[in-house]
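Chemist: Numbered according to our numbering, the sequence shown spans residues 109 to 226.
Every residue gets a Cβ at the ideal spot worked out from N, C-alpha and C, and that includes glycine.
Here the structure is a predicted model, which means the values were calculated and not measured.
One structure, pasted below without further comment.
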Amino acid sequence: CDDRTPYMDKKGKTCAESAWTIKQSCSKKASWMMKGYCRQSCSDAGLGYSGDNCCPTPVCTECKNQPTKYMEKRGLTCEAWSYVPTACQSSSWQNSKQYCQGRCDELGYGFSGYSPCC
Numbered sequence: 109c110d111d112r113t114p115y116m117d118k119k120g121k122t123c124a125e126s127a128w129t130i131k132q133s134c135s136k137k138a139s140w141m142m143k144g145y146c147r148q149s150c151s152d153a154g155l156g157y158s159g160d161n162c163c164p165t166p167v168c169t170e171c172k173n174q175p176t177k178y179m180e181k182r183g184l185t186c187e188a189w190s191y192v193p194t195a196c197q198s199s200s201w202q203n204s205k206q207y208c209q210g211r212c213d214e215l216g217y218g219f220s221g222y223s224p225c226c
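See below:
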């Protein structure tokens, strides 16, 4: 739902990164409306195309980096402990949905059932 323009493709830009272009082009330029460029970003900016129904961008969750008791006893942090990427993938951490939630999300191992972290 967020098809980039050929120019954006060429420059490696996404619709979400192109706020100025979104404001200048969504539902204002005939070529954009005809091809449906950046539909999601236009919709998110309140400039959606007539009759278009894009889903809103997911809301993010304020995540914490709560260490385990083991980590606390040893002075280890979610940001610095080298074992965190492995632990994020473990069933015990995934089931707890609490330990180093922000760091795990940042590493691409977010807990299931949660929105992305802010």
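Is the separation between the beta-carbon of S149 and that of M141 shorter than 8 Å?
Modeler: For S149 and M141, no; Cβs fall outside 8 Å.
Chemist: Here's the rule: buried if 16 or more other CB atoms are within 10 angstroms of the residue's CB, otherwise exposed. What is P145?
Modeler: With the sequence shown as reference, residue 145 is identified as Tyr, and Pro is not the correct amino acid for it. Here Y145 is buried. Its C-beta has 16 or more other C-beta atoms within 10 Å.
Chemist: From T194, W189, A127, N203, pick the residue whose C-alpha is nearest to that of G216; which is it?
Modeler: Proximity to G216 across T194, W189, A127, N203 peaks at T194, based on C-alpha coordinates.
Chemist: Which residues in the same chain have their Cβ closer than 6 Å to the Cβ of C226, if we skip the five residues on either side of it in sequence?
Modeler: C168, E170
Chemist: For C172, which residues from the same chain have a beta carbon less than 7 Å from its beta carbon, with the 5 sequence-adjacent residues on both sides left out?
Modeler: Note on identity: in this sequence residue 172 is Lys, with Cys being the wrong assignment. Contacts found: Q209, G210.
Chemist: Within the stretch 141–181, note down every full alpha helix (DSSP H) run reaching 4 residues or more, in order along the chain.
Modeler: Correct list: 147–152.
Chemist: Following the continuous alpha helix (DSSP H) through G210, name the residue where it begins and the one where it ends.
Modeler: 209–214
Chemist: With S220 and Q202 assumed to form a contact (beta carbons below 8 Å), what rounded beta-carbon distance in angstroms separates them?
Modeler: Confirmed, about 7 Å.
Chemist: State the Cα-Cα distance for the pair S158 and S139, rounded to the nearest angstrom.
Modeler: The straight-line gap from Cα to Cα measures roughly 14 Å.
Chemist: May I have the straight-line CA-CA distance separating D213 from K121, to the nearest angstrom?
Modeler: So the two alpha carbons sit approximately 23 Å from each other.
Chemist: Kindly identify the DSSP beta-bridge partner or partners of C225.
Modeler: T169
Chemist: How about M116 and C109: are their beta carbons less than 8 Å apart?
Modeler: no
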